[in-house]
Each structure stands twice: as structure tokens, then as C-alpha cells.
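Colleague:
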Amino acid sequence: MSDASAKSDASAKSDASAKSDASAKSDASAKKTTTSLPTPLTIDAWQMVAPNEPLRRTTRVVQEIAAHEVVVRVAGCGVCHTDVGYLYEGVATRHPLPLTLGHEIAGVVEHAGEDHADLVGRSVVVPAVIPCGRCWLCRRGKEMVCAKQIFPGCDVHGGFASHVVVPGHGLCPVDDAALARSGLRLADLSVIGDAVSTAYHAIVRAKVGAGDVVVVVGAGGVGGFAVQIARALGAHVVAMDVDPKRLTALTRTTTNGERVHGIDVRGREPRELRKDLLAHLHGHGLPERAFTILETSGTKAGQELAFGLLVHGAHLGVVGYTREPVTLRLSNLMAFDATAAGVWGCPPRLYPDVIDLVLAGKVQVAPHVERRPLHEVNDVLEAVRDHRASRRIVLVPDGGRS
Ligand SMILES: [Zn+2]
Ligand SMILES: [Zn+2]
42 MSDASAKSDA SAKSDASAKS DASAKSDASA KKTTTSLPTP LTIDAWQMVA PNEPLRRTTR
102 VVQEIAAHEV VVRVAGCGVC HTDVGYLYEG VATRHPLPLT LGHEIAGVVE HAGEDHADLV
162 GRSVVVPAVI PCGRCWLCRR GKEMVCAKQI FPGCDVHGGF ASHVVVPGHG LCPVDDAALA
222 RSGLRLADLS VIGDAVSTAY HAIVRAKVGA GDVVVVVGAG GVGGFAVQIA RALGAHVVAM
282 DVDPKRLTAL TRTTTNGERV HGIDVRGREP RELRKDLLAH LHGHGLPERA FTILETSGTK
342 AGQELAFGLL VHGAHLGVVG YTREPVTLRL SNLMAFDATA AGVWGCPPRL YPDVIDLVLA
402 GKVQVAPHVE RRPLHEVNDV LEAVRDHRAS RRIVLVPDGG RS
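According to the numbering used here, the sequence shown holds residues 42 to 443 in order.
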């Protein structure tokens, strides 16, 4: 982790000199050109100061940004379980505290360094993971493991704020006319930054196409979007969850309900559920092998179930995160000639496709999003921690236009 600590040192230094932390990082990318903002920008931000303590409201002044950076005025920032992980579950941020959390951001580019002047005034979705785009991993399409990737709210100050300073190269512009036609607000698109795009990436990795079967374990949040995306791509979807209401809602929001089959997993063993699943597929003349399983619950029970559903040629995408270990017979992968892959974020190059799906209404975000004012962030984080939030919560900066 020497790389991460080097980053942190650079960031800490920049805070002391009242520069944006991301601009310090540009030193490392061998470009020292900076752009002074017309007037110093005061960012209104909610920062994590210590684990298990409420976020504290603060201001941060940015006077200049690097050539490759932009300032995005936040329209909305989604609250993710990862934020709860940093605040309450002992997951460490790479940037030292205090740090502004939040990595699911949509907004409008207010200022840009000289490399991205064309982005000023554009509505954008900020990818949760912004790879450098230049290293050998990025050039080989392995950008999600880029060692220089930036994750707002972890590597640099994030989106629980009026503005964020991020690299301009990964941003995904949104067509304002298409957005207006969709009836959605820019703030709603923040959930594309992580929840929707990560689900999309998992499905792309699994090479899901029309007629395929996708089994989603854990149908809330990311899983709920995975159900919709798989359905939009013409797959037959089976959703498994502990909440029957969630299953009913998912069946209702898709355009062709009968192609989403819900299985209530409460109190049932993986072996029994696998039998049910195979009986359902058999009964509908659907492929009983080589289907895709996506584990999005991020729970021990969900992971055990997902692994227990493996069949010949299956692909298991691990999307959810839990610190709890599980005991598995890994040789099942060998015996079934199956594959398993972890999914970290989504490459920026896939974002335009995700935005298209959402703006075309093929993947609905509005019914699954709840906008709340940013000053309620501490209540919201507690609600997400305690599983009291039934929809993805998007924080809208106070006085901001969503
Ligand atoms: Zn997230
Ligand atoms: Zn890279």
C-alpha cells in the first residue's frame, strides 16, 4: 500500500496549502500546469472526521486546479453502503481524515483546467472509479485495476459537498435535451455513478445476451438495477431476496413482468433454493446450465447461496461486499467448469451505454431514488447503516439545483 500512502501524503500537503488535494496529485502525473479559478471557490462540505462520529460541516477553499481537473457543482450524490463501511465498519479511506465522503455524483462542470475547457457548462455523471487512462493496465482495457485510479470520497474529497474537484477525463457528459425528455432530474442520475453502472459492468463481464438466464441474489440497490438491466438486454431474470415486497416491486417495474421470477429466500437452504430455481427454468424451457449468478447482497448468507447455485458453465459475479469470510468448496468451479469474478466499479467507457438505458426509460431510476437535502446526511447514513432506507438516497446540496 506504499502507493496509497504516498498519495495520502501528497493530499495532506495540499490541504495545508489550501489547494485542492487532487491538484497535488497532478504533480505525480508530470503535469504542473494549473488553472486559477476566477475567484476562490468555497466548497461547503460534510467531512468524516473520525470513525463512528457524525460528519462535520466545513468549508474548503480551492483557488486553482490542475490542467486535467474540473470543478463539478454537485446536483446530487447517492449514499452507498461503502460510505457506511468507512464511517461505521472500520473500512479505511486512502485519503487521511478528515475527508468528504460520497462517490455517486452527478452535477454540472463549473470550471475546468486547460485540458477540459470543452466540458464547462456540461451536465456530467462522475464515475465512482476514475482510472488514469494512460498506464499499461488502462491501455489494455484493465482500467478497473489501474493503480492510479481515483475514487472520490476515498482518494480525494467526495460528493457530500457543494462541489467536487475531479479529473476531467473520465466524466460522462449527459445530453440535457434527452435528460429533459426523460423527466428525470440530474440529481437522479447520480445513482448511475456507482449503483447502476456497477450492475451494468457485472452484466457486461458475464457477457449476458438475449435469452440468457441471470439470477440476482439480493434484489435491493445494485441488485435491483441488475435485474432491470438484465431484463433490458433480453435476459430471463430470477431475483432472490429476503424481502417479498422488494420482489413484487421489481416484477412490477419491469415492462414485461412475467420474465422476472421472484424467489423468497427467507429461512430456506441453498440446496432447496437451487432445486426451486432449476425446476423453474426447466418448467419454462429455459437453459438449466451456463447461467449467470450475480451476488449483490454483500452478505455471508447471500454469498453462500450464490455459490451454492452454481451449475455447469455458470458465471458468478461477486458485486456485493462483506468483511465476513465464507467457507466454500472452491473445486465446484473446476467440477462445473464455472467461472467467478469480482466486479469493482465500471470502466468510464461503458457509462454512455448506461446513461442511454436510463434516459430511454429501459432502466428506471426514479422509483428507486429518494432525494434528501445534504444537511440530513448524518440521519441518512444512520438509516442506510440500519437498513431503514428502502430506496437509494440521493443527497442534494442545500440551495443547490437538482
Ligand atoms: Zn458505492
Ligand atoms: Zn491507469
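Just so you know, even glycine gets a beta-carbon here, dropped at the ideal spot from N, CA and C.
Does DSSP classify Gly-119 as helix, strand or coil?
Modeller: Of the three classes helix, strand and coil, the one that applies to Gly-119 here is strand, per DSSP.
Colleague: Apart from the five residues just before and just after Ala-63, which ones in its own chain have a Cβ nearer than 6 Å to its Cβ?
Modeller: Residue placement at Ala-63 is poorly supported in this model, since its pLDDT is 43, which falls under 50; the coordinates still yield a value, given next. So the list reads Glu-110, Val-197, Val-206, once near-sequence residues are dropped.
Colleague: Nearest CA to the CA of Arg-396: which residue from Leu-327, Pro-214, Arg-309, Gly-324?
Modeller: For the sequence presented, residue 396 should be read as Ile rather than Arg. The shortest Cα separation from Ile-396 among Leu-327, Pro-214, Arg-309, Gly-324 belongs to Pro-214.
Colleague: Who pairs with Arg-246 in a beta bridge, going by DSSP?
Modeller: According to DSSP, which records beta bridges pairwise, Arg-246 is partnered with nothing at all.
Colleague: What is the C-beta distance between Gly-343 and Gly-361, in whole angstroms, given that I count them as a contact (C-beta under 8 Å)?
Modeller: Confirmed, about 6 Å.
Colleague: If the criterion is Cβ atoms closer than 8 Å, does the pair Val-161 and Val-113 meet it?
Modeller: Not in contact: Val-161 and Val-113 (Cβ atoms no closer than 8 Å).
Colleague: Hey, would you say Val-237 sits closer than 8 Å to Phe-192, going by beta carbons?
Modeller: Not closer than 8 Å, so no.
Colleague: Which residues does DSSP pair with Ser-164 in a beta bridge?
Modeller: Ser-164 is bridged to Val-149, Val-215.
Colleague: Any idea what DSSP makes of Ser-77, helix, strand or coil?
Modeller: Strand, per DSSP.
Colleague: How long is the line joining the alpha carbons of Met-281 and Ala-271, rounded to whole angstroms?
Modeller: Distance between the alpha carbons of Met-281 and Ala-271 is about 14 Å.
Colleague: So, with DSSP's three-state summary, where would you put Ala-381?
Modeller: Three-state DSSP puts Ala-381 in a strand.
Colleague: Please report the distance separating the alpha-carbon of Glu-94 from that of Ala-430.
Modeller: Whole-angstrom Cα-Cα distance: 20 Å.
Colleague: Should Asp-439 go down as buried or exposed, given a rule of 16 or more other Cβ atoms within 10 Å for buried?
Modeller: It counts as exposed.
Colleague: Any idea what DSSP makes of Asp-282, helix, strand or coil?
Modeller: In the structure shown, Asp-282 sits in a strand (DSSP, three-state: E or B).
Colleague: What separation, rounded to the nearest whole angstrom, lies between the Cα atoms of Val-399 and Val-406?
Modeller: Rounded to the nearest angstrom, the two C-alpha atoms are 7 Å apart.
Colleague: Given 8 Å as the limit, is there contact between the stretch 139 to 152 and the stretch 81 to 96, that is, 3 or more CB pairs closer than that?
Modeller: The stretch 139 to 152, when compared against the stretch 81 to 96, does touch it at the 8 Å Cβ threshold.
Colleague: Need the endpoints of the alpha helix (DSSP H) that Gly-104 sits in, please.
Modeller: In the sequence on display, residue 104 carries Gln and not Gly. Counting along the chain, Gln-104 falls outside any alpha helix (DSSP H), though it belongs to the beta strand (DSSP E) covering 97 to 107.
Colleague: So, do the stretch 167 to 180 and the stretch 125 to 136 have three or more beta carbon pairs nearer to each other than 8 Å?
Modeller: At 8 Å Cβ cutoff, the stretches do not touch.
Colleague: Suppose the cutoff is 6 Å on Cβ atoms and the five residues either side in sequence are ignored; what does the same chain contact list for Val-367 look like?
Modeller: Once the five neighbours on either side are set aside, the close Cβ partners of Val-367 are Lys-341, Gln-344, Glu-345.
Colleague: How is Leu-314 classed by DSSP in three states: helix, strand or coil?
Modeller: Helix.
Colleague: Measuring CB to CB, does Val-120 end up less than 8 Å from Val-425?
Modeller: Taking 8 Å as the Cβ cut-off, Val-120 and Val-425 qualify as a contacting pair.
Colleague: Sort out for me which residues DSSP pairs Leu-357 with in a bridge.
Modeller: According to DSSP, which records beta bridges pairwise, Leu-357 is partnered with Ile-334, Ala-381.
Colleague: Tell me whether Val-232 sits in a helix, a strand or coil according to DSSP, three-state version.
Modeller: Helix at Val-232.
Colleague: Ordered along the chain, which non-local residues of its own chain (more than five positions away) have a Cβ less than 7 Å from that of Gly-298?
Modeller: Unreliable positioning characterises Gly-298 in this predicted model, as indicated by a pLDDT of 48, which lies under 50. The coordinate reading is nonetheless provided below. Excluding sequence neighbours, Gly-298 sits near Thr-292.
Colleague: When we look at the beta-carbon of Asp-217 and count the other beta-carbons within 10 Å, is it buried (16 or more) or exposed?
Modeller: Label assigned to Asp-217: exposed.
Colleague: Going straight from the alpha carbon of Lys-316 to that of Glu-365, what length do you get?
Modeller: If I take the Cα positions, the gap works out to 26 Å.
Colleague: Excluding the 5 residues preceding and the 5 following Leu-319 in the sequence, name in chain order all residues of the same chain whose CB lies nearer than 7 Å to its CB.
Modeller: Correct list, in chain order: Glu-329.
Colleague: Go through its chain and collect everything with a Cβ distance to Ala-71's Cβ below 6 Å, but skip five positions before and after it.
Modeller: Low per-residue confidence applies at Ala-71: pLDDT is 49, beneath 50, and the placement is therefore not dependable, though the value from the model is reported in the following sentence. Result list for Ala-71: empty, nothing under 6 Å.
Colleague: Could you give the DSSP three-state label for Ala-86: helix, strand or coil?
Modeller: DSSP places Ala-86 in strand when its eight states are reduced to three.
Colleague: Which stretch, first to last residue, makes up the alpha helix (DSSP H) that contains Leu-436?
Modeller: First-last for Leu-436: 433 to 437, but that is the beta strand (DSSP E), not the alpha helix (DSSP H).
Colleague: Name the DSSP beta bridge partners of Val-448, please?
Modeller: With the chain covering only 42 through 443, there is no way to say anything about residue 448.
Colleague: Considering only their Cβ atoms, is the gap separating Thr-337 from Val-256 smaller than 8 Å?
Modeller: Going by C-beta atoms, Val-256 is not nearer than 8 Å to Thr-337.
Colleague: Indicate, with yes or no, if ligand 1 has a heavy atom lying under 7 Å from the CB of Ala-169.
Modeller: For ligand 1, at least one heavy atom lies less than 7 Å from the Cβ of Ala-169.
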